[in-house]
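Inspection log for the structure reproduced underneath, given as structure tokens.
In my numbering, the protein residues as written are 461 to 687.
Given below as structure tokens:
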């Protein structure tokens, strides 16, 4: 899946899509363990790659875990700080879900599926997992987290869900988009990013991502086990 490069990993785009979206027979039983190694780094790293290469943004993945500041309460996966080309900033409190064809109830989507099939898949995922925002693993992203101290105070905090699978309310070919929330929560909109959608639109065979935790774990595996 990857080659290690000083805290960054070079991923094979085609193989990654095949593994998580097509669920090849020899992969069964390994997805959970692999996700345990790469953790949330894949989602955060892919979003950073997307924003830097398509939006010309500057992106920082912060080391702090988003928490409410209370002794008890939910927490999220990453703070992702983004500065747009016009100088404005946005701080995303981010939840990352690596659900794929390997998940319970997961469905296979071929890496080179036609766009109409991809669109139907995206709408199904939206209706089953986001519409209404009532499912607890997802709705916690709408709970305000305690803001990190070292981030520019002008950067607005907004919620972000990162998924592996293709997802979109209208089936559009968009990997990064927002959804209006109205007045039902403390946030006016929710942002979403699909890892699979982004990878499907790339022409490169491989890309390099910032994945420090995953890189460190793979380094330990190299040290512990001889080739």
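For every residue, glycine included, the Cβ atom is placed at its ideal position computed from N, Cα and C.
Residue j beta carbon less than 8 Å from that of residue i
i: residue 557; j: residue 622; result: yes
i: residue 549; j: residue 541; result: yes
i: residue 481; j: residue 599; result: no
i: residue 628; j: residue 636; result: no
i: residue 571; j: residue 474; result: yes
i: residue 675; j: residue 470; result: no
i: residue 483; j: residue 564; result: no
i: residue 631; j: residue 580; result: yes
Three-way DSSP call (helix, strand, coil) for residue i in this model
i: residue 705; result: Outside the shown range of the chain, which is 461 to 687, sits residue 705, and nothing can be said about it.
i: residue 625; result: coil
i: residue 580; result: helix
i: residue 491; result: helix
i: residue 572; result: coil
i: residue 645; result: coil
i: residue 542; result: strand
i: residue 565; result: coil
i: residue 685; result: coil
i: residue 640; result: strand
i: residue 634; result: coil
i: residue 614; result: coil
i: residue 535; result: strand
Given residue i as reference, the closest of the options once Cα atoms are compared
i: residue 472; options: 616, 566, 667, 654; result: 667
i: residue 478; options: 625, 684, 672; result: 625
i: residue 528; options: 521, 519, 553, 518; result: 553
i: residue 578; options: 679, 486, 654, 495; result: 654
i: residue 515; options: 569, 547, 576, 685; result: 547
i: residue 496; options: 677, 685, 640, 687; result: 677
i: residue 444; options: 665, 671, 522; result: Outside the modelled stretch of the chain, which goes from 461 to 687, sits residue 444, for which no answer is possible.
i: residue 576; options: 545, 633, 563; result: 633
i: residue 651; options: 673, 604, 640, 620; result: 620
i: residue 530; options: 605, 673, 679, 630; result: 605
i: residue 611; options: 493, 539, 511, 500; result: 539
Residue burial classification, residue i (beta-carbon count within 10 angstroms, cutoff 16)
i: residue 681; result: exposed
i: residue 489; result: exposed
i: residue 513; result: exposed
i: residue 686; result: exposed
i: residue 555; result: buried
i: residue 526; result: buried
Worksheet item: So does the region 655 to 662 actually touch the region 498 to 515, counting three or more Cβ pairs closer than 8 Å?
Response: For the pair of segments examined, the region 655 to 662 was found to touch the region 498 to 515: the number of CB pairs separated by less than 8 Å reaches three.
Discussion item. Within 8 Å, do at least three Cβ pairs link the region 610 to 617 to the region 630 to 645?
Written reply: Short answer: they don't touch.
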